[in-house]
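*Asks:* Would you mind keeping the following structure in view while I ask a few things?
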Amino acid sequence: MNFFDIDLQYQKYKKQLDLNIFKTLKSTQFILGKEVRKFEKQIAKISQTKYAVGTSSGTDSLLIALLSIGIKQGDEVITSSFSWLSVVEVILLIGAKPIYVDININDFNINHLDIKKKINKKTKAIITTSLFGYPSELKKIRKLAKREKIKLIEDSAQSFGAKIDGKPLSKYADVTCYSFFPSKILGAFGDAGGVVTDDKSIYNKLIAIRNHGQKKYGISNKFIGLNARLDEIQASILNMKIKIYKNEIVKRNYVVNKFIKLLSNQGIIGYTEVEKNKSHVYGQFSLLVKKRKSFINYFKNKGIPTKIFYPQPLYRQYQQNLLFKKKHTEFCCAHIVSIPINIYSNKRFEKVYSCLKSLIKKDEKIFYKKKNLSN
Ligand SMILES: Cc1ncc(COP(=O)(O)O)c(C=O)c1O
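Residues 2 to 376, numbered by the working numbering, are exactly what the sequence shown covers, in order.
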């Protein structure tokens with residue numbers, strides 16, 4: 002059994018996907034052609050932003066976002082200590098300094114109250130990651146960023162389609178970055194990403210930087226850029242899949258709510274508590290458990306894969322900086338586990354569901370129950 006359902010999704014939509022790929026092959030227009038333009042228009046519409054730029058990955062999206070808002074060597078960028086490697090990697094690549102903030106134990110996102118304490122004259126940006134598909138506290142963080150005159154970049158790599166007060170997360174940030182990695186909410190068949198913004202001057206820099214800083218063909222005298230273009234074949238795949246992501250989010254919610262009901266009926270906690278004004282797209286269903294090894298082995302013995310997002314805090318990556326050691330981040334890295342969300346096969350879903358059910362019955366001590374979650 003696979004952790005992700007991409008195999009079954011492809012089988013279901015094979016005809017349309019193959020047709021889109023074939024049409025692009027036939028056009029022999031492989032770089033920044035009409036599929037990329039079409040995709041960018043749709044992404045801007047969904048994000049309710051004026052501009053969208055297709056890129057080669059979520060990582061490149063973050064890198065060109067930082068470059069386009071002018072982050073340079075020595076600048077400080079505040080971010081969560083619990084996220085994917087890319088976030089710290091791009092800050093370090095520029096020569097800027099990552100300043101880490103701990104997460105909330107009840108939603109795994111950056112603790113907005115702690116951000117303020119880290120702001121000083123060198124602070125130039127905040128990067129929020131809306132982890133596992135659940136929005137960060139963006140309304141409050143945006144207010145703070147505006148007041149302090151620093152830019153807010155939202156890393157929505159895992160939360161495409163998520164909303165706060167019915168509005169996409171891009172409405173709350175200066176720049177929002179997406180990853181369209183195959184296993185994401187909207188996934189290509191290879192690496193792909195995107196950046197959206199309402200700011201024309203940021204947009205002009207984004208499109209230049211994604212393409213070697215070029216103003217015109219072969220002329221790049223203003224910005225140092227890179228090759229971070231979205232591939233035309235990937236865009237043609239995304240142009241098909243963009244028709245199904247909303248329905249998939251509904252199904253992901255259905256599946257996860259079944260897991261949650263099962264857990265909450267036994268008083269088990271350790272998963273994101275969804276607030277009324279926010280929607281969760283469930284890129285992952287992640288759960289804190291007391292005995293992770295036993296949990297993983299039980300699933301493994303039933304032929305079900307699990308994953309650990311993430312095993313190590315960001316302040317331990319690339320450069321050890323234990324001055325930033327954070328309680329909730331350490332705790333989550335040691336106790337978190339994700340189980341598959343299968344929406345294309347009832348049989349697969351039932352297998353995961355009954356495995357979780359039988360484990361609860363067999364050994365409740367594996368789970369955290371009310372009041373004993375260590376925070
Ligand atoms: C939170 C987060 N940020 C950034 C990225 C980077 O995206 P990509 O793999 O497309 O470079 C990912 C992808 O895994 C991610 O989950």
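Beta carbons: idealized from backbone N, C-alpha and C, even for Gly. Quick caveat, the model's predicted, so the values are computed rather than measured.
Mapping the DSSP letters down to three states, classify Arg211 as helix, strand or coil.
*Replies:* Reduced to three states, the DSSP call for Arg211 is coil.
*Asks:* What did DSSP end up calling Ala146 once you bin it into helix, strand or coil?
*Replies:* Correct three-state label for Ala146: helix.
*Asks:* Mind reading off the beta-carbon distance from Ile234 to Ile22? Whole number of angstroms is fine, and I expect it under 8 Å.
*Replies:* Ile234 to Ile22, Cβ: 6 Å. Contact.
*Asks:* Could you check whether the Cβ of Gly61 sits closer than 8 Å to any heavy atom belonging to ligand 1?
*Replies:* Here residue 61 is Asp; the residue named in the question, Gly, does not match the sequence. Yes, the beta carbon of Asp61 sits closer than 8 Å to at least one heavy atom of ligand 1.
*Asks:* Where Ser355 and Ser237 are concerned, what is the direct C-alpha to C-alpha distance, given to the nearest angstrom?
*Replies:* If I take the Cα positions, the gap works out to 38 Å.
*Asks:* Assign Gly271 to one of three DSSP states: helix, strand, or coil.
*Replies:* The answer is coil: DSSP assigns Gly271 none of H, G, I, E or B.
*Asks:* What's the C-alpha gap between Lys223 and Lys252?
*Replies:* Straight-line Cα distance between these residues: approximately 46 Å.
*Asks:* Could you compute how far the alpha carbon of Asn376 sits from the alpha carbon of Tyr369?
*Replies:* Unreliable placement is indicated for Asn376, whose pLDDT of 48 sits below 50; the coordinate value is still reported in the next sentence. Taking the straight line joining both Cα atoms gives about 12 Å.
*Asks:* Measure the alpha-carbon distance for Leu9 versus Lys15 and round it to whole angstroms.
*Replies:* Leu9 and Lys15: Cα-Cα distance of roughly 10 Å.
*Asks:* Is DSSP giving Ser287 helix, strand or coil here?
*Replies:* Strand, per DSSP.
*Asks:* Measure the alpha-carbon distance for Ile269 versus Phe286 and round it to whole angstroms.
*Replies:* Distance between the alpha carbons of Ile269 and Phe286: 15 Å.
*Asks:* Keeping to the same chain, check which residues put their C-beta closer than 6 Å to that of Pro136; ignore five residues upstream and five downstream.
*Replies:* The answer, listed in chain order, is Ala163, Ile165, Leu170, Lys279.
*Asks:* May I have the straight-line CA-CA distance separating Thr330 from Pro99, to the nearest angstrom?
*Replies:* Their Cα atoms are separated by approximately 16 Å.
*Asks:* Residue range of the alpha helix (DSSP H) that Gly59 falls in?
*Replies:* 59 to 69 is the extent of the alpha helix (DSSP H) around Gly59.
*Asks:* Is the number of C-beta pairs between the segment 295 to 307 and the segment 239 to 252 that are closer than 8 Å three or more?
*Replies:* Short answer: they don't touch.
*Asks:* Please check the pair Ile65 and Leu207, which I expect to be a contact at CB under 8 Å, by giving their CB distance rounded to whole angstroms.
*Replies:* The pair is a contact, with the Cβ atoms about 6 Å apart (cut-off 8 Å).
*Asks:* To the nearest angstrom, how far is it from the Cα of Ile7 to the Cα of Gln17?
*Replies:* Their backbone Cα atoms lie some 15 Å apart in a straight line.
*Asks:* Is Ile104 helix, strand or coil by DSSP?
*Replies:* In the structure shown, Ile104 sits in a strand (DSSP, three-state: E or B).
*Asks:* Please state whether DSSP places Ser81 in a helix, a strand or coil.
*Replies:* Three-state result, Ser81: strand.
*Asks:* Pairing CB atoms from the segment 188 to 208 with CB atoms from the segment 46 to 61, are three or more of them under 8 Å?
*Replies:* Yes, since at least three Cβ pairs between the segment 188 to 208 and the segment 46 to 61 fall closer than 8 Å, the two stretches touch.
*Asks:* From what residue to what residue does the alpha helix (DSSP H) around Leu187 run?
*Replies:* Looking at the DSSP string, Leu187 is not in any alpha helix (DSSP H), and its letter there is neither H nor E.
*Asks:* Go ahead and pull the three-state DSSP assignment for Thr129.
*Replies:* Three-state result, Thr129: strand.
*Asks:* By DSSP's criteria, Glu155 is part of a beta bridge. Which residues make up the other side?
*Replies:* Thr129, Thr177, per the DSSP bridge assignment.
*Asks:* Per DSSP, which residues does Lys53 bridge with? Please list them.
*Replies:* The sequence shown places Ala at residue 53, rather than the Lys named in the question. According to DSSP, Ala53 bridges with Val197.
*Asks:* Identify whether Asn376 lies in helix, strand or coil by the three-state DSSP scheme.
*Replies:* Note that Asn376 scores 48 on pLDDT, short of 50, meaning its location in the model is unreliable and no value can be drawn from it.
*Asks:* Please report the residue range of the beta strand (DSSP E) in which Val338 lies.
*Replies:* Residues 337 to 340.
*Asks:* I need the straight-line Cα distance from Ser58 to Ser180, nearest angstrom please.
*Replies:* For Ser58 and Ser180, the distance between alpha carbons rounds to 6 Å.
*Asks:* With distance defined between alpha-carbon atoms, name the residue in Glu351, Phe325, Glu41 nearest to Phe260.
*Replies:* Of the candidates Glu351, Phe325, Glu41, the one whose C-alpha sits nearest the C-alpha of Phe260 is Glu351.
*Asks:* Output needed for Lys39: all residues of its chain with C-beta closer than 8 Å, excluding positions within five of it in sequence on either side, in chain order.
*Replies:* Answer for Lys39: Ala236, Asn240, listed in chain order.
*Asks:* Thinking Glu36 and Thr25 are a contact (beta carbons under 8 Å), I'd like their distance in whole angstroms, please.
*Replies:* At roughly 6 Å, the Cβ-Cβ gap stays under 8 Å, so Glu36 and Thr25 are in contact.
*Asks:* How far does the alpha helix (DSSP H) with His113 in it extend, from its first residue to its last?
*Replies:* Run containing His113: 113 to 116, per the alpha helix (DSSP H) assignment.
*Asks:* Between Val88 and the rest of its own chain, which residues show a CB-CB distance below 7 Å, the 5 nearest in sequence each way excluded?
*Replies:* So the list reads Leu63, Thr80, Ile128, Thr130, Asp156, Leu315, once near-sequence residues are dropped.
*Asks:* Between Asp108 and ligand 1, is there a pair consisting of the residue's CB and a ligand heavy atom that are separated by less than 8 Å?
*Replies:* Because no heavy atom of ligand 1 lies under 8 Å away, the Cβ of Asp108 does not count as near it: no.
*Asks:* Taking the alpha carbon of Leu33 as the reference point, which residue from Thr56, Lys172, Lys242, Cys178 has its own alpha carbon closest?
*Replies:* Comparing Cα-Cα distances from Leu33 to each of Thr56, Lys172, Lys242, Cys178, the minimum goes to Thr56.
*Asks:* Are Ile186 and Leu68 close, meaning C-beta to C-beta below 9 Å?
*Replies:* No, these two residues do not count as a Cβ contact at 9 Å.
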